[in-house]
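**Student:** Basically the numbering used here = 1-based index in the sequence shown + 246.
Where is the CB? At the ideal position from N, CA and C, for every residue including glycine.
Treat the numbers as computed from the prediction; the structure is a model and nothing was measured.
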Amino acid sequence: MKIFLDTADAGAVRSYNEMGLLDGVTTNPSLLYRERGDPRRVMREIVDAVEGDVSLEVVSAAHGDMIEEGRRLREYGPNVVVKCPMTAEGLRACRALSADGVPVNVTLVFSPNQALLAAKAGAKYVSPFVGRLDDAGHDGMGLVARILGLLANYDYATEVLVASVRHPIHVARAAGLGAQAATLPPAVLEKMLRHPLTDSGLESFMSDWERLKAENPGAGP
Ligand code: E4P
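(1) Please list the segments of the alpha helix (DSSP H) lying wholly inside the region 304 to 383, counting only runs of 4 or more residues, in order along the chain.
(2) Is DSSP giving Leu-267 helix, strand or coil here?
(3) Beta carbon of Asp-252, beta carbon of Glu-281: below 8 Å?
(4) Give the straight-line distance between the Cα atoms of Gly-377 and Trp-455, rounded to the nearest whole angstrom.
(5) Classify Asp-284 as helix, strand or coil using the three-state DSSP reduction.
(6) Taking Asp-385 as part of the alpha helix (DSSP H), name the residues at either end of that continuous run.
(7) The ligand E4P and Asp-252: does any heavy atom of the ligand fall closer than 7 Å to the residue's C-beta?
(8) Any idea what DSSP makes of Thr-444, helix, strand or coil?
(9) Which partner residues of Ile-249 appear in the DSSP bridge assignment?
(10) What are the partner residues of Asp-299, as DSSP defines its beta bridges?
(11) Quick one: measure Cβ to Cβ for Phe-375 and Ala-409, integer angstroms, because I've assumed they're closer than 8 Å.
(12) Kindly indicate which three-state DSSP category Val-411 falls into: helix, strand or coil?
In structure tokens, the structure reads:
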């Protein structure tokens, strides 16, 4: 499964990319707002920090403006995927950009039918928002399963990018269902790589090593 980092924090992107964990990044206007700085500088840094797909979101409402904006966003780099909202205008833009060879991520998907329409419009990725559905009392991962089942009946090239991930169980379930990608906030990726038994095991290895060194001055690896 592809792992994307869901952030506009270029430092976090560089850090996890150094570990070889990232297949790309997704951003959105709210994540950019959290970083506060000039969004053009932030987007440039993120696009330069990772080789894989970086989703940058359009902020226009009309499809003609989205198409223009999408083309401008692509100037940040060949790895830019244009994120369009799951609206009629967004699908028009998705269709036009995809036909031009510009990859599109259709975002804010909350139903299997929306995912089907995005795939028909040529989206490279559809992004079901699992956490926001869970928050509203629905079954986010159930939606992912239904979208994967539906798309498997046909031969769309569209990949399911599980978004609005809140915790590691979402990630494990996405991988178990065979989702092609998931986008993770840095805090979720951090939780995935940690385990208290790893920490306590390492602590006891280190303290035994210190004792051994004290008994054997000058010893070292
Ligand atoms: C996806 O591309 C979005 O940026 C993101 O996953 C939104 O998640 P949220 O519900 O945590 O805002």
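**Tutor:** From the atom records:
(1) DSSP runs (the alpha helix (DSSP H)) wholly in the region 304 to 383: 309 to 320, 334 to 345, 358 to 366, 376 to 381.
(2) Against the sequence shown, residue 267 aligns to sequence position 21. DSSP places Leu-267 in the coil class of the three-state scheme, outside both helix and strand.
(3) For the purposes of this step, residue 252 is taken as the residue at position 6 of the sequence shown. For the purposes of this step, residue 281 is taken as the residue at position 35 of the sequence shown. No Cβ-Cβ contact shorter than 8 Å links Asp-252 with Glu-281.
(4) On the sequence shown, position 131 is the one that residue 377 refers to. On the sequence shown, position 209 is the one that residue 455 refers to. Distance between the alpha carbons of Gly-377 and Trp-455: 44 Å.
(5) If you number the sequence shown from 1, residue 284 lands on position 38. Coil.
(6) Along the sequence shown, read from residue 1 onward, the residue named residue 385 stands at position 139. Unbroken run through Asp-385: none, as it is neither H nor E.
(7) For the purposes of this step, residue 252 is taken as the residue at position 6 of the sequence shown. Checking the 7 Å criterion, the Cβ of Asp-252 is within range of a heavy atom belonging to the ligand E4P.
(8) Along the sequence shown, read from residue 1 onward, the residue named residue 444 stands at position 198. Helix at Thr-444.
(9) Indexing the sequence shown from 1 puts residue 249 at position 3. Residue pairing by DSSP puts Ile-249 in a beta bridge opposite Ala-428.
(10) By one-based count along the sequence shown, residue 299 stands at place 53. Beta-bridge annotation (DSSP): Asp-299 is paired with Gly-270.
(11) One-based indexing of the sequence shown puts residue 375 at position 129. One-based indexing of the sequence shown puts residue 409 at position 163. Your pair Phe-375 and Ala-409 checks out as a contact, with CB atoms roughly 5 Å apart and the cut at 8 Å.
(12) To locate residue 411, count along the sequence shown from 1; it is residue 165. The answer is coil: DSSP assigns Val-411 none of H, G, I, E or B.
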